[in-house]
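As structure tokens, the structure follows; a few thoughts come after it.
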């Protein structure tokens, strides 16, 4: 801990390396250690835990995670930050491994080496949603996920049926995990400040997560239903069976996608898979 405590403030490190956020990579840095330490507490990680962090950038959240005693695998696409992250690794011997890779193509299960792994990240804005879907539906099963998104995306993840934010992302996320917004973060907390506020979502994978074939069917049903969300299901689901599919699932074909519960979408997916 003493070596971590001896590190210069993040702003000084960024200045020393001449580093700025790149808009093209959706980068917005969290440099306030009070905020990053709160995220680490919300993630409930500590000594002996393994954390996978995507897009650490200058390492603000990484420092807070290392302070808990956790081991961190940091996946960073932007090679400009590798020297800065290696300095951080030197201050926490044996507890930070830096992987220069694109997280969308990374094999998290291999990086975890068979150990349970938490995913804790201030996600780059332009890849947050596809990364979440990857972790929810792929072979890698995180122990838990504590993730910073644009607030609008966070609201879409936890939205209930009937809410304007309820859509495909809510159905997929809630079929696979239990989630809640645990922290709001105003734009001014970031460097540079984005044009929108952010929020942290805590997700715990469900033990009864749908099997891969069921998830594929669920994604097909939600894509059709929400692709024409203002139409009745008899119309929006017509390519998949329309009224017959709805009847088999016990769903009124005169309803619209945003009124269906996750369980009803799963019932439609089960019938589609038959």
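Residue numbers (this note's numbering): 3 to 276.
All residues carry an ideal CB built from backbone N, CA and C; glycine is no exception.
Endpoints, the beta strand (DSSP E) within which residue i is located
{"i": "residue 256", "result": "Looking at the DSSP string, residue 256 is not in any beta strand (DSSP E), and its letter there is neither H nor E."}
{"i": "residue 36", "result": "Unbroken run through residue 36 is the alpha helix (DSSP H), 35–45; no beta strand (DSSP E)."}
{"i": "residue 135", "result": "Run containing residue 135: none in the beta strand (DSSP E); it sits in the alpha helix (DSSP H), 130–139."}
{"i": "residue 105", "result": "First-last for residue 105: undefined, no H or E at that position."}
Enclosing alpha helix (DSSP H) for residue i [first to last residue]
{"i": "residue 98", "result": "Here residue 98 belongs to no alpha helix (DSSP H); instead the beta strand (DSSP E) covers 98–102."}
{"i": "residue 52", "result": "Where residue 52 is concerned, there is no enclosing alpha helix (DSSP H), although the beta strand (DSSP E) it sits in stretches over 52–56."}
{"i": "residue 160", "result": "153–160"}
{"i": "residue 272", "result": "264–274"}
{"i": "residue 245", "result": "244–251"}
{"i": "residue 222", "result": "214–229"}
{"i": "residue 76", "result": "Not the alpha helix (DSSP H): residue 76 falls in the beta strand (DSSP E), residues 73–78."}
{"i": "residue 173", "result": "170–178"}
{"i": "residue 66", "result": "62–69"}
{"i": "residue 119", "result": "Premise fails: residue 119 lies in the beta strand (DSSP E), 119–124, not in any alpha helix (DSSP H)."}
{"i": "residue 5", "result": "4–7"}
{"i": "residue 289", "result": "No information on residue 289 is available, as it lies outside the stretch 3 to 276 that the chain covers here."}
{"i": "residue 144", "result": "Residue 144 -> no alpha helix (DSSP H), and no H or E assigned at all."}
{"i": "residue 81", "result": "Where residue 81 is concerned, there is no enclosing alpha helix (DSSP H), given that its DSSP letter is neither H nor E."}
Cβ separation of residue i and residue j, assumed to be a contact under 8 Å, to the nearest whole Å
{"i": "residue 67", "j": "residue 75", "result": "Actually they do not touch by this definition, with Cβ atoms about 11 Å apart."}
{"i": "residue 203", "j": "residue 183", "result": "6 Å"}
{"i": "residue 222", "j": "residue 251", "result": "Actually they are not in contact, since the Cβ atoms of residue 222 and residue 251 sit about 14 Å apart, beyond 8 Å."}
{"i": "residue 205", "j": "residue 229", "result": "The pair is not a contact, with the Cβ atoms about 25 Å apart (cut-off 8 Å)."}
{"i": "residue 51", "j": "residue 72", "result": "4 Å"}
{"i": "residue 100", "j": "residue 78", "result": "6 Å"}
{"i": "residue 179", "j": "residue 200", "result": "About 19 Å; that fails the 8 Å criterion."}
Burial state of residue i, where buried means 16 or more other Cβ atoms lie within 10 Å
{"i": "residue 197", "result": "exposed"}
{"i": "residue 4", "result": "The predicted position of residue 4 is uncertain, since its pLDDT is 48 and thus under 50; no value can be drawn from it."}
{"i": "residue 274", "result": "buried"}
{"i": "residue 164", "result": "exposed"}
{"i": "residue 157", "result": "buried"}
{"i": "residue 59", "result": "buried"}
{"i": "residue 152", "result": "buried"}
{"i": "residue 20", "result": "exposed"}
{"i": "residue 276", "result": "exposed"}
{"i": "residue 15", "result": "buried"}
{"i": "residue 231", "result": "exposed"}
{"i": "residue 209", "result": "exposed"}
{"i": "residue 265", "result": "exposed"}
{"i": "residue 65", "result": "buried"}
{"i": "residue 162", "result": "exposed"}
{"i": "residue 271", "result": "buried"}
Cβ-Cβ distance between residue i and residue j below 9 Å
{"i": "residue 262", "j": "residue 235", "result": "yes"}
{"i": "residue 137", "j": "residue 144", "result": "yes"}
{"i": "residue 149", "j": "residue 121", "result": "yes"}
{"i": "residue 258", "j": "residue 238", "result": "yes"}
{"i": "residue 119", "j": "residue 141", "result": "no"}
{"i": "residue 91", "j": "residue 82", "result": "no"}
{"i": "residue 172", "j": "residue 217", "result": "no"}
{"i": "residue 123", "j": "residue 37", "result": "no"}
{"i": "residue 12", "j": "residue 61", "result": "yes"}
{"i": "residue 192", "j": "residue 30", "result": "yes"}
{"i": "residue 283", "j": "residue 6", "result": "One cannot answer for residue 283 here, as it falls past the ends of the chain, which runs 3 to 276."}
{"i": "residue 155", "j": "residue 105", "result": "no"}
{"i": "residue 225", "j": "residue 170", "result": "yes"}
{"i": "residue 2", "j": "residue 9", "result": "The chain is shown from 3 up to 276; residue 2 falls before or after that span and cannot be answered."}
{"i": "residue 245", "j": "residue 168", "result": "no"}
{"i": "residue 147", "j": "residue 207", "result": "yes"}
Residue i at chain B interface by Cβ criterion, 9 Å
{"i": "residue 196", "result": "Here there is only one protein chain, and chain B is not present."}
Identity of the residues DSSP links to residue i by a beta bridge
{"i": "residue 183", "result": "203"}
{"i": "residue 237", "result": "Per DSSP, none; premise fails for residue 237."}
{"i": "residue 209", "result": "DSSP output for residue 209 lists no bridge partner at all."}
{"i": "residue 32", "result": "192"}
{"i": "residue 149", "result": "123 and 203"}
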